[in-house]
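Engineer: Before we start, here is the structure in question, set down as structure tokens.
In structure tokens, the structure reads:
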């Protein structure tokens, strides 16, 4: 679905760990993710702020990969409703037409999917009046999101004490 050039895509990922743990891992990602994905992520540094909501984080990737850096901000965490909102931008893996991505994650209990399900809506914002094409501009960013989620999920499943 597109609105003013913005392309929105919804996805759902099953998970075998409690939704509160996934949300906590997302919030603590700046310290947790380099340990989960050392083959991909070199560091996650606080670029601006004190680490709370609205702080800007800089992700540096290991050399030789398809990405070198990206920045993100967690805009909102709702612990009661198990949801968060974030923005990813200044990513060198984005196409020349993609400016930033606003994401909304909702984590829900689900017997059907194991323990929980993650529902993500990603809003891909173009630069200026550029027209985004799925295969060229969005597919790679979407696949990176899925890869990230799968690594976090697997790590939490293998380490039940983390984010408990």
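In the UniProt record's numbering, the protein residues as written are 1 to 164. Idealized CB from N, CA, C, for every residue including glycine. Since the model is a prediction, treat every value here as computed from it, not as a measurement.
Report all residues from its chain with a CB closer than 8 Å to the CB of residue 71; omit the five preceding and five following residues, and keep chain order.
Structural biologist: Same-chain partners within the cutoff: 47, 56, 57, 58, 59, 88, 89, 90, 91.
Engineer: Rounded to whole angstroms, what is the Cα-Cα separation between residue 65 and residue 115?
Structural biologist: Cα-Cα distance, rounded: 33 Å.
Engineer: From what residue to what residue does the alpha helix (DSSP H) around residue 158 run?
Structural biologist: Its alpha helix (DSSP H) spans residues 139-158.
Engineer: May I ask you to list the residues that DSSP assigns as paired with residue 126?
Structural biologist: Looking at the DSSP assignment, residue 126 forms a beta bridge with 98.
Engineer: Quick check for students: name the residue ranges of the beta strand (DSSP E) that lie wholly in the region 24-109, counting only runs of 3 or more.
Structural biologist: Segments of the beta strand (DSSP E) lying fully in the region 24-109: 41-48, 56-61, 69-78, 83-89, 98-109.
Engineer: Enumerate in chain order the residues of its own chain whose CB-to-CB distance from residue 9 is below 6 Å, with the five nearest sequence positions on each side excluded.
Structural biologist: Excluding sequence neighbours, residue 9 sits near 122.
Engineer: Residue 11 bridges to which residues according to DSSP?
Structural biologist: Its beta-bridge partners are 120.
Engineer: Given a cut-off of 9 Å, decide if residue 120 and residue 7 are closer than it, judged by their beta-carbon atoms.
Structural biologist: Taking 9 Å as the Cβ cut-off, residue 7 and residue 120 do not qualify as a contacting pair.
Engineer: Please return the same chain residues whose Cβ sits closer than 7 Å to the Cβ of residue 68, not counting the five positions on each side in sequence.
Structural biologist: Closer than 7 Å at the Cβ level, and outside the excluded window around residue 68, lie 61, 92.
Engineer: Could you check if residue 153 is buried or exposed, using at least 16 other CB atoms within 10 Å of its CB as the buried criterion?
Structural biologist: Under this definition residue 153 is a buried residue.
Engineer: State buried or exposed for residue 1, treating a residue as buried only when at least 16 other CB atoms are found within 10 Å of its CB.
Structural biologist: Confidence at residue 1 is low in this model, with a pLDDT of 48, below 50, so the placement of that residue should be treated as unreliable; the coordinate-derived value is given next. Residue 1 is exposed by the Cβ-count criterion.
Engineer: Below 8 Å on the Cβ atoms is my guess for residue 32 versus residue 107; work out the distance and round it to an integer in Å.
Structural biologist: Their Cβ separation, rounded to whole angstroms, is 16 Å, which puts residue 32 and residue 107 out of contact at 8 Å.
Engineer: Beta-carbon within less than 6 Å of residue 102's beta-carbon, same chain only, minus the 5 sequence neighbours each way: which residues are those?
Structural biologist: Excluding sequence neighbours, residue 102 sits near 87, 123.
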